[in-house]
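Participant: Per the numbering used here: the sequence shown = residues 146 to 378.
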Amino acid sequence: MIKTENIEKYFTNGNEWNHVVKNISLAIPLTSFTAITGKSGSGKSTLLNLLCGIDQPFKGRIHINGNDITSFSKRKLTKWRNAEIGIVFQSFHLLPSLTLIENVMLPMEFSSNKKNKKSRAAGLLQKVGLENKANMFPDYVSGGEKQRAAIARALANDPPVLFADEPTGNLDTENAAHIMELFLALKNENKTIVMVTHDLELAGKTDKIIHMKDGQIIEGPAAAPRARGAGFI
Ligand code: ADP
Ligand code: MG
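1) Just to confirm, does T223 get its C-beta within under 7 Å of one of the non-hydrogen atoms of the ligand ADP?
2) Using 8 Å for Cβ pairs, my map puts K148 next to Q361. What's the rounded Cβ distance?
3) What whole-angstrom Cβ distance do L239 and K291 have, given they're in contact under 8 Å?
4) So, at 8 Å on beta carbons, what are the nonlocal neighbours of M253 in its own chain, with the 5 sequence-adjacent residues on each side left out?
5) Whole angstroms is fine: what's the gap from S177's alpha carbon to L307's?
6) Pull up the CB-CB distance for A297 and L275, whole angstroms please, since I reckon it's below 8 Å.
7) Whole angstroms are fine: how far does the CA of A279 sit from the CA of Y285?
8) A309: buried (16+ other C-beta within 10 angstroms of its C-beta) or exposed?
9) In whole angstroms, give me the CA-to-CA distance for A368 and N194.
10) What residue does the beta strand (DSSP E) around H238 start on, and which one ends it?
11) Return the Cβ separation of G198 and R220 in integer angstroms, given the expectation that the two are a contact with Cβ distance under 8 Å.
12) As a quick exercise: from I173, V339, Q201, pick the residue whose alpha carbon is nearest that of I152.
13) Is DSSP giving D310 helix, strand or coil here?
14) Based on the DSSP secondary-structure assignment, which residues constitute the bridge partners of W162?
15) Going by the beta-carbon positions, is the gap between G183 and H356 smaller than 8 Å?
16) Taking the alpha carbon of E150 as the point to measure from, which residue in I173, N158, P305 has its own alpha carbon closest?
17) Roughly how many angstroms separate the alpha carbons of E346 and N320, rounded to a whole number?
18) Tell me whether H167 counts as near the ligand ADP, meaning its Cβ is closer than 7 Å to at least one heavy atom of that ligand.
19) Residues in the same chain with beta-carbon distance under 7 Å from R371, minus the five sequence neighbours each way, listed in chain order, please.
20) Report yes if the C-beta distance between M325 and T313 is below 8 Å; otherwise report no.
21) Curious, which full-length beta strand (DSSP E) runs of at least 3 residues does the segment 230–306 contain?
22) With a Cβ-Cβ cutoff of 8 Å, do E340 and A180 count as a contact?
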């Protein structure tokens with residue numbers, strides 16, 4: 146279970162405070178696929194960054210699979226993140242100086258399991274349909290292929306939970322559909338997936354929609370009817 150209790154986040158520009166996440170309590174069951182939707186600036190990325198420990202809340206608690214990540218030291222948080230979750234970004238974040246397979250192998254360096262890195266990475270690239278591009282550099286493959294490689298990298302240490310922030314934001318409809326198919330397949334392999342997206346059609350294919358407005362979770366039009374009541378505890 147992914148659970149937050151009354152989390153708050155503010156940002157400041159030095160003069161004033163911007164209240165970006167307002168007292169959010171939510172519960173996301175394991176092995177579900179959840180979409181977080183909402184207008185630009187509504188706090189979706191901030192909420193996701195809090196859930197995956199990239200950022201810390203000002204107040205409140207975050208529990209992921211029984212771990213209170215808000216009580217973790219920086220060092221423990223980094224270790225936890227590498228072992229227990231995978232993160233996919235809109236702009237892929239692949240290292241341009243490494244080939245796709247080297248990008249996928251990279252997180253394995255920080256894991257206790259360093260055996261068969263190359264064959265495991267090759268297996269992950271095959272899973273996302275990139276077995277023929279393993280030795281190419283990111284700049285020489287398409288956006289859709291970059292994102293598939295980024296998903297393979299997020300899976301490097303076989304984490305139970307995947308977070309994705311607008312993973313299809315830089316892709317055309319066809320590539321976006323391909324990425325969505327991958328996530329749906331991963332969900333069927335019992336991964337827990339939380340995906341921020343603008344795309345209501347894609348969000349409609351998930352199990353549950355959490356709709357955000359002004360730093361709060363609301364039941365907006367995007368959340369109805371299948372996600373009615375979802376996202377709250
Ligand atoms: P969304 O992902 O829904 O577009 P964000 O979570 O990125 O929204 O941003 C919500 C609000 O928080 C915006 O007003 C944004 O400008 C502000 N914000 C986000 N990150 C930072 C930051 N690191 N420093 C200051 N303000 C930020
Ligand atoms: Mg965002």
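Every residue gets a Cβ at the ideal spot worked out from N, C-alpha and C, and that includes glycine.
Facilitator: Walking through what the data contain:
1) Here the question's residue 223 lines up with position 78 in the sequence shown. No, since every heavy atom of the ligand ADP falls outside the 7 Å radius drawn around the Cβ of T223.
2) The residue labelled residue 148 in the question sits at position 3 within the sequence shown. The residue labelled residue 361 in the question sits at position 216 within the sequence shown. Between Q361 and K148 the Cβ distance is about 17 Å, and since that is not below 8 Å, they are no contact.
3) In the sequence shown, the residue the question calls residue 239 occupies position 94. In the sequence shown, the residue the question calls residue 291 occupies position 146. Confirmed, about 6 Å.
4) The sequence position of residue 253 within the sequence shown is 108, counting from 1. Excluding sequence neighbours, M253 sits near K259, K262, R265, A266, A301, N302.
5) By one-based count along the sequence shown, residue 177 stands at place 32. By one-based count along the sequence shown, residue 307 stands at place 162. Whole-angstrom Cα-Cα distance: 11 Å.
6) Translated into the one-based positions of the sequence shown, residue 297 becomes position 152. Translated into the one-based positions of the sequence shown, residue 275 becomes position 130. Between L275 and A297 the Cβ distance is about 7 Å, and since that is below 8 Å, they are a contact.
7) Start at 1 with the first residue of the sequence shown, and residue 285 comes out as number 140. Start at 1 with the first residue of the sequence shown, and residue 279 comes out as number 134. So the two alpha carbons sit approximately 11 Å from each other.
8) For this step, residue 309 is matched to residue 164 along the sequence shown. Classification for A309: buried.
9) Here residue 368 refers to the residue found at position 223 of the sequence shown. Here residue 194 refers to the residue found at position 49 of the sequence shown. For A368, the pLDDT reaches just 40, beneath the cut-off of 50, and the residue's location in the model is therefore unreliable, leaving the point undetermined.
10) Here the question's residue 238 lines up with position 93 in the sequence shown. Membership of H238 in any beta strand (DSSP E) is not indicated, and neither H nor E is assigned to it by DSSP.
11) To locate residue 198, count along the sequence shown from 1; it is residue 53. To locate residue 220, count along the sequence shown from 1; it is residue 75. Not confirmed; about 12 Å, so no contact.
12) For this step, residue 152 is matched to residue 7 along the sequence shown. The shortest Cα separation from I152 among I173, V339, Q201 belongs to Q201.
13) Indexing the sequence shown from 1 puts residue 310 at position 165. Of the three classes helix, strand and coil, the one that applies to D310 here is strand, per DSSP.
14) Working through the sequence shown from its first residue, we reach residue 162 at position 17. DSSP output for W162 lists T157 as bridge partner(s).
15) Counting from one through the sequence shown, the residue named residue 183 turns up at place 38. Counting from one through the sequence shown, the residue named residue 356 turns up at place 211. Yes, they are a contact pair.
16) Working through the sequence shown from its first residue, we reach residue 150 at position 5. Comparing Cα-Cα distances from E150 to each of I173, N158, P305, the minimum goes to I173.
17) Position 201 of the sequence shown, counting from 1, holds the residue named residue 346. Position 175 of the sequence shown, counting from 1, holds the residue named residue 320. Looking at the two C-alpha atoms, the distance is approximately 14 Å.
18) Locating residue 167 in the sequence shown gives position 22, counting from the first residue. The amino acid occupying residue 167 in the given sequence is Lys; His does not appear at that position. No, Cβ of K167 sits at least 7 Å from all heavy atoms of the ligand ADP.
19) Looking up residue 371 in the sequence shown gives position 226. Unreliable positioning characterises R371 in this predicted model, as indicated by a pLDDT of 47, which lies under 50. The coordinate reading is nonetheless provided below. Once the five neighbours on either side are set aside, R371 has no close Cβ partner at all.
20) Translated into positions along the sequence shown, residue 325 becomes position 180. Translated into positions along the sequence shown, residue 313 becomes position 168. In contact: M325 and T313 (Cβ atoms closer than 8 Å).
21) 230–234
22) Here residue 340 corresponds to residue number 195 of the sequence shown, with the count starting at 1. Here residue 180 corresponds to residue number 35 of the sequence shown, with the count starting at 1. The question names Glu, but residue 340 is Met in the sequence shown. A distance below 8 Å separates the beta carbons of M340 and A180.
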